[in-house]
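Colleague: A single structure is presented below for examination.
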Amino acid sequence: MTPSHTDGFATRAIHVGQGPDPATGAVVQPIHLATTFAQDGVGGLRAGFEYSRSSNPTRAALEECLASLEGAGHAFAFASGLAATTTLMLLLNPGDHVVYVDNVYGGTFRLFDKVLRRYGMEFSAVDASDPANVTAALTGRTRLVWLETPTNPLLRIVDIAAVAARAHAHGALVAVDNTFASPYLQRPLELGADIVVHSSTKYLGGHSDVVGGAVLTNSADIAEHVRFHQNSAGAVPSPFDCWLLLRGLKTLPLRMERQCDNAFTIARHLSAHPAVRRVIYPGLPEHPGHELAARQMGGRFGGMVGFEVTDEKAARRVLSRLRIFTLAESLGAVESLAEHPGLMTHASVPAAERYRIGIAGGLIRLSVGVEDVADLIADLDHALTD
Ligand code: P1T
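Residues 264 to 649 (our numbering) are what the sequence shown spells out, left to right.
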């Protein structure tokens, strides 16, 4: 079958960039472990491949599939989400200014604050759920606006189209970390963003067995720079990792549907629980970004849920009593995970900053998997009882 860009998302997730292999008929993409490729005379590449850091057939298949799913002209795969972000940031120069949403993954904050500042880049954090805050932070040196939406872990929603219009009027580019939504729910390039970044470790892979990242764009100019830096810095994924991601992508729509359903049911259940102070889920009408999320994410709200109990001690107790939810960092896979953002994924954010943006000591983050939702609810209820 030759997939077409007019085929639906689920069809493209299974077929774009993938078998049957023309050489053997294998319906599954082969794993090309070769590091180098024979040349017919110097520079005579048989299929465009020269050396596997520069490009590799299994990685090319993954990049083609990812590009199709994000609606991007160009996709680049990396060894991790942070490798993708780091490589993208190499496009900036010392003195360039970045405005970023003040609630980002803790590792992204650490990269900006502890690493890239040392190379002369400047960063301003703003609550981008009000686009006016982005406009107010733009300076003559702002080259990039960096968004996450929904944010990690507070699930704030940022209006990508509104921020893109403001940033573009100022000559700045917009990058969106689309990890929490995945392209199944949200396609930032269609909303005006210039660049999408993923930690493909999460929903794209979906099985907690591969660390990866991606950068996607429709701009030929940005793509040329990312390609050059992907090869020059060399933070590329292995062929086996690319293959695992291709396999994971095939079930992204199925997994996401189930995760959204399970998460919604759990969010509603926790909202009525006496031991729970507050539930954070964009699908709940009381979430301040609810209407925007409904528009921007196609009426589905993702598989991540936050909730607050009294304090850190109570949160530690709940986390220690869970049986099906595994206490672990990461998210987006078939099995349900629970974690304490303040002590785990966002420990690199200074405590005062964490409290300022709303990451409380009693906050627990759930990555809801595809198990039977009744079992997940029973697990939470048991963990929350006195
Ligand atoms: O772990 P890595 O593949 O390098 O991806 C980093 C990253 C980037 N962006 C977002 C929104 C993320 O959530 C992450 C990684 N996050 C976790 C490990 C976590 O538990 O939140």
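No residue lacks a Cβ here, since even glycine has one placed at the ideal position from N, Cα and C.
Could you round the C-beta distance between residue 629 and residue 568 to whole angstroms and report it? I think they count as a contact, below 8 Å.
Modeller: 4 Å
Colleague: Quick check: is any heavy atom of the ligand P1T less than 7 Å from the C-beta of residue 443?
Modeller: yes
Colleague: Tell me, please, which residues DSSP counts as bridged to residue 628.
Modeller: 569, 602
Colleague: Going by the DSSP bridge assignment, what does residue 458 pair with across the sheet?
Modeller: 438, 480
Colleague: Please return the same chain residues whose Cβ sits closer than 8 Å to the Cβ of residue 605, not counting the five positions on each side in sequence.
Modeller: Within the same chain, and ignoring the five residues on either side of residue 605 in sequence, the residues whose Cβ sits closer than 8 Å to its Cβ are 575, 614, 617, 622, 623, 624, 626.
Colleague: Does the stretch 464-477 come close enough to the stretch 438-450 that 3 or more CB-CB pairs lie under 8 Å?
Modeller: yes
Colleague: Using the three-state DSSP reduction, which class does residue 543 fall into: helix, strand or coil?
Modeller: Here residue 543 sits in strand by DSSP.
Colleague: What is the DSSP secondary structure of residue 362, counted as helix, strand or coil?
Modeller: strand
Colleague: Is any beta-carbon of chain D found at less than 8 Å from that of residue 402?
Modeller: In the structure shown, chain D does not exist; there is a single protein chain.
Colleague: Compute the minimum distance between the beta carbon of residue 415 and the heavy atoms of the ligand P1T, and state whether it is under 7 Å.
Modeller: yes
Colleague: Between residue 542 and the rest of its own chain, which residues show a CB-CB distance below 6 Å, the 5 nearest in sequence each way excluded?
Modeller: 530, 533, 534, 570
Colleague: What is the DSSP secondary structure of residue 590, counted as helix, strand or coil?
Modeller: In this structure, residue 590 counts as strand in the three-state DSSP scheme.
Colleague: DSSP three-state call for residue 354: helix, strand or coil?
Modeller: coil
Colleague: Please report the straight-line C-alpha distance between residue 501 and residue 342, rounded to a whole angstrom.
Modeller: C-alpha separation (whole angstroms): 7 Å.
Colleague: Considering only C-alpha positions, which residue in the set 408, 313, 588 is nearest to residue 352?
Modeller: Checked all of 408, 313, 588; the closest Cα to residue 352 is 408.
Colleague: From what residue to what residue does the alpha helix (DSSP H) around residue 554 run?
Modeller: 553-559
Colleague: Cβ atoms of residue 302 and residue 509: under 8 Å apart, would you say?
Modeller: no
Colleague: Does the beta-carbon distance from residue 297 to residue 315 come in below 8 Å?
Modeller: yes
Colleague: By the 10 Å Cβ neighbour count, where 16 or more other Cβ atoms means buried, how is residue 558 classified, buried or exposed?
Modeller: exposed
Colleague: Straight-line CA distance for residue 361 to residue 644?
Modeller: 43 Å
Colleague: Quick one, which of 601, 344, 321 has its alpha-carbon nearest residue 646's?
Modeller: 601
Colleague: Taking the alpha carbon of residue 538 as the point to measure from, which residue in 562, 513, 577, 566 has its own alpha carbon closest?
Modeller: 577
Colleague: Between the Cα of residue 494 and the Cα atoms of 322, 638, 277, which residue gives the shortest distance?
Modeller: 322
Colleague: Round the Cβ separation of residue 357 and residue 384 to the nearest angstrom and send it over; I've been treating them as touching at under 8 Å.
Modeller: 7 Å
Colleague: What's the call for residue 633, buried or exposed, on a 16-neighbour Cβ count within 10 Å?
Modeller: buried
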